[in-house]
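Take a look at the structure set out below.
Numbering (the working numbering), first residue to last: 142 to 661.
Shown next as structure tokens:
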């Protein structure tokens, strides 16, 4: 009879060890207040703690199925049994480490608490067996041990990337998706999978299956994609030819309307170099006739007539203080304003606007990031009052800059200067839009107060030219009409009228390099 009771008790104990959350409670003696373990209780499940008068106790379901209520003051330690489900995947050293820690814990308790050894013996045997099998080359996946050969066959390795604990998640004619370690999702071209890998994946899901003719479907889908891509490229080629033809015709119309800068940009879009050279030379001759020798030099150089440009430089009677490249404020404004735009923005909460300027003939605009950040609709308004939708190509919060792209016909582009050659006292001009929308651009002039300021992560010039609300993102230009900065903010609101700032254009180089590779 005693043997039967012992057998039944051990059987129940092993059942507890196989269930989730089962373990031992190591108790001290409440009478002698000793730290030595006086009692070991087996529990099947640990329940949430609850108060019982002024004494807090932990609640358990004991080995006999009845509830245990044990005073927490006399619980020395709670030891969870080895749980096979908890260690159902032992595929690498990192997944083996918790099992090694569990072995160390169980051995520590068995060494210190003799009463616990009978309960822990089978646990330690199971833990050590799992560790032995891993070191022998086997791997445990989803509770099943695989031989080294089976493991190598089942591993999903694609383009030298290994995926473990794989479960098929989605299938189509071209791609499959599967979950792998830590629940991550991989999307893989089905044509990259081997037959063994396909068979293995089919065994990881009871709901999904990769068809036997998957390769034929994948090849057919690949052929269809290739045909569609070729059709798209052919369509784009035809569209580009038409765009160039349209740009050339539009350029002639702009030239007839005496809108020469726009005509030049349109000829550039049409890659009509002969037309560009012809019109540039025509404008150079006309500028020289009118006495605008600075413009004449620029247009002759654009036409490739460097000899004519040199002739003007040598023969014009200029004072020593005057440079052929130095412009008056009026000349700077007249030349720059066609390339300055208003940036109109909107979100669900507000509408606002700022300024910007073209840095590339493809409709690329530089402005401040704070002008467009968080906005759902962005548009630019050019010098002719025409409004065009725009999108953000790139932006950075430090420096406070953004690059926009709008689709619009030929436009003037500002020349980028070298902010490193700027010095305190240099004359500068800021162009932008005032507080109200749909107003003309305005110009403020002043000097560089400091060249070595840093503000909110931006390398800035301090200037005394006024920066109004709405001017943010507009260009700061030197006496040569070159952009050396991007106006950003002023401190007039706090009583500092002449403390205004512009981000150095050198801070925008990383954005401009995206569209003008020659800057790299």
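Here a beta-carbon is modelled for each residue, glycine too, at the ideal position from N, C-alpha and C.
**Request:** Ignore the nearest five residues each way along the sequence and tell me which others in residue 546's own chain have a CB closer than 7 angstroms to its CB.
**Result:** On the chain shown, residue 546 is found 405 positions in, with the first residue counted as 1. Here the set comprises 504, 505, 531, 532, 534.
**Buried or exposed by the 16-neighbour rule on C-beta atoms within 10 Å, applied to residue 176** = Translated into positions along the chain shown, residue 176 becomes position 35. When all chains shown are included, residue 176 counts as exposed.
**Request:** Rounded to whole angstroms, what's the CA-CA distance from residue 585 to residue 325? Just pull it up for me.
**Result:** Taking the chain shown and counting its residues from 1, the one referred to as residue 585 is at position 444. Taking the chain shown and counting its residues from 1, the one referred to as residue 325 is at position 184. Cα to Cα, residue 585 sits roughly 56 angstroms from residue 325.
**Message:** For the alpha helix (DSSP H) containing residue 246, name the first residue and the last one.
**Reply:** On the chain shown, position 105 is the one that residue 246 refers to. Taken as a continuous stretch (DSSP letters only), the alpha helix (DSSP H) holding residue 246 covers 234-253.
**Request:** Give me the Cα-Cα distance between residue 646 and residue 625, rounded to the nearest whole angstrom.
**Result:** Counting from 1 along the chain shown, the entry for residue 646 is found at position 505. Counting from 1 along the chain shown, the entry for residue 625 is found at position 484. Computed Cα separation, rounded: 5 angstroms.
**Request:** Please determine, among 529, 468, 187, the residue with the shortest C-alpha to C-alpha distance to residue 434.
**Result:** On the chain shown, residue 434 is found 293 positions in, with the first residue counted as 1. Residue 434 has its Cα closest to that of 468, out of 529, 468, 187.
**Asked** Among 540, 470, 425, which residue has its Cα nearest to the Cα of residue 452?
**Response** As a first step, residue 452 is located in the chain shown; it is residue number 311 there, counting from the start. Per the Cα distances, 425.
**Item:** the stretch 164-171 contacting the stretch 249-257, beta-carbon criterion three pairs below 8 angstroms
**Value:** yes
**Message:** What residue range does the beta strand (DSSP E) around residue 185 cover?
**Reply:** Numbered from its first residue, the chain shown carries residue 185 at position 44. Taken as a continuous stretch (DSSP letters only), the beta strand (DSSP E) holding residue 185 covers 178-187.
**Prompt:** Between which two residues does the beta strand (DSSP E) containing residue 302 stretch?
**Reply:** Here residue 302 is taken as the residue at index 161 of the chain shown, counted from 1. Counting along the chain, the beta strand (DSSP E) containing residue 302 begins and ends at 302-304.
**Asked** Is the stretch 228-235 close to the stretch 269-288, with three or more CB pairs under 8 angstroms?
**Response** yes
**Reference residue 255; option with closest CA among 416, 403, 602, 181** = Here residue 255 is taken as the residue at index 114 of the chain shown, counted from 1. When only C-alpha atoms are compared, the closest one is 181.
**Residue range of the beta strand (DSSP E) that includes residue 212** = On the chain shown, position 71 is the one that residue 212 refers to. Taken as a continuous stretch (DSSP letters only), the beta strand (DSSP E) holding residue 212 covers 208-212.
**Message:** If the criterion is Cβ atoms closer than 8 angstroms, does the pair residue 501 and residue 644 meet it?
**Reply:** The sequence position of residue 501 within the chain shown is 360, counting from 1. The sequence position of residue 644 within the chain shown is 503, counting from 1. No, Cβ-Cβ distance for residue 501 and residue 644 is not below 8 angstroms.
**Item:** Beta-carbon proximity of residue 574 to residue 488, cut-off 8 angstroms
**Value:** Locating residue 574 in the chain shown gives position 433, where the first residue counts as 1. Locating residue 488 in the chain shown gives position 347, where the first residue counts as 1. Cβ distance not < 8 angstroms, so residue 574 and residue 488 don't count as in contact.
**Message:** Report the start-end ranges of each alpha helix (DSSP H) in the stretch 343-368 that is 4 residues or longer and not cut off at the edges.
**Reply:** none
**Asked** Considering only residues of the same chain and omitting the five flanking positions on each side of residue 169, which have a CB-CB separation below 7 angstroms?
**Response** For the purposes of this step, residue 169 is taken as the residue at position 28 of the chain shown. Excluding sequence neighbours, residue 169 sits near 175, 176, 177, 178, 179, 215, 217.
**Boundaries of the alpha helix (DSSP H) in which residue 259 is found, first to last residue** = Position 118 of the chain shown, counted from the start, is the residue given in the question as residue 259. 258-276 is the span of the alpha helix (DSSP H), which, as asked, contains residue 259.
**Prompt:** Does the stretch 338-345 come close enough to the stretch 378-388 that 3 or more CB-CB pairs lie under 8 angstroms?
**Reply:** no
**Message:** Starting from residue 417, trace the alpha helix (DSSP H) in both directions and tell me its first and last residue.
**Reply:** Taking the chain shown and counting its residues from 1, the one referred to as residue 417 is at position 276. First-last of the alpha helix (DSSP H) with residue 417: 414-431.
**Message:** On the CB-based measure, 16 or more other CB atoms within 10 Å of its CB, does residue 511 come out buried or exposed?
**Reply:** Here residue 511 is taken as the residue at index 370 of the chain shown, counted from 1. The residue is buried, with at least 16 neighbouring Cβ atoms inside 10 Å.
**Request:** Could you check what DSSP says for residue 527 in three-state terms: helix, strand or coil?
**Result:** Translated into positions along the chain shown, residue 527 becomes position 386. Three-state result, residue 527: coil.
**Message:** With H, G and I counted as helix, E and B as strand and the rest as coil, what does DSSP make of residue 291?
**Reply:** Reading the chain shown from its first residue, position 150 is the one you call residue 291. If DSSP states are grouped into helix, strand and coil, residue 291 belongs with the helices.
**Item:** Where residue 499 falls, given that 16 or more other Cβ within 10 Å makes a residue buried
**Value:** Here residue 499 refers to the residue found at position 358 of the chain shown. Burial call: buried.
**Prompt:** In chain order, what residues of the same chain lie with their CB nearer than 7 angstroms to the CB of residue 611, ignoring the 5 residues before and after it?
**Reply:** Your numbering for residue 611 matches position 470 in the chain shown. Around residue 611: 494, 495, 496, 573, 574, 575, 576.
**Asked** With DSSP run on the structure shown, which of helix, strand or coil describes residue 199?
**Response** Indexing the chain shown from 1 puts residue 199 at position 58. DSSP places residue 199 in strand when its eight states are reduced to three.
**Prompt:** Can you name, in chain order, every residue of its own chain whose Cβ lies under 6 angstroms from the Cβ of residue 665, other than the five neighbours on each side?
**Reply:** Lying before the first or after the last residue shown, residue 665 is absent from the chain, which here runs from 142 to 661.
**Item:** Closest by C-alpha distance to residue 606, when choosing among 558, 571, 621
**Value:** Taking the chain shown and counting its residues from 1, the one referred to as residue 606 is at position 465. Answer by Cα proximity: 571.
**Prompt:** Do residue 623 and residue 558 have their CB atoms nearer than 8 angstroms?
**Reply:** Within the chain shown, numbered from 1, the residue matching residue 623 stands at position 482. Within the chain shown, numbered from 1, the residue matching residue 558 stands at position 417. Yes, the pair counts as a contact, with Cβ atoms nearer than the cut-off.
**Prompt:** Are residue 388 and residue 404 touching if we call contact CB-CB under 8 angstroms?
**Reply:** Residue numbering aside, residue 388 sits at position 247 when the chain shown is read from its first letter. Residue numbering aside, residue 404 sits at position 263 when the chain shown is read from its first letter. The answer is no: Cβ separation not under 8 angstroms.
**Request:** Quick one: residues in its chain with C-beta nearer than 7 angstroms to the C-beta of residue 587, no 5 flanking neighbours on either side, listed in chain order?
**Result:** Here residue 587 refers to the residue found at position 446 of the chain shown. Hits under 7 angstroms: 569, 604, 605, 606.
**Asked** Using a Cβ-Cβ cut-off of 7 angstroms (strictly less than) and excluding sequence neighbours within five positions of residue 649, which residues of its own chain qualify?
**Response** For the purposes of this step, residue 649 is taken as the residue at position 508 of the chain shown. Closer than 7 angstroms at the Cβ level, and outside the excluded window around residue 649, lie 507, 542, 627.
**Request:** Would you kindly work out how many angstroms separate the C-alpha atoms of residue 305 and residue 299, rounded to a whole number?
**Result:** Position 164 of the chain shown holds residue 305. Position 158 of the chain shown holds residue 299. The straight-line gap from Cα to Cα measures roughly 12 angstroms.
**Prompt:** Counting only runs that start and end within the stretch 499-561, where is the alpha helix (DSSP H) found for 4 or more residues in a row?
**Reply:** 510-513
**Request:** For residue 616, name the three-state secondary structure that DSSP assigns.
**Result:** Against the chain shown, residue 616 aligns to sequence position 475. Strand at residue 616.
**Item:** Three-state secondary structure assigned by DSSP to residue 398
**Value:** Locating residue 398 in the chain shown gives position 257, where the first residue counts as 1. Residue 398: coil per DSSP, three-state reduction.
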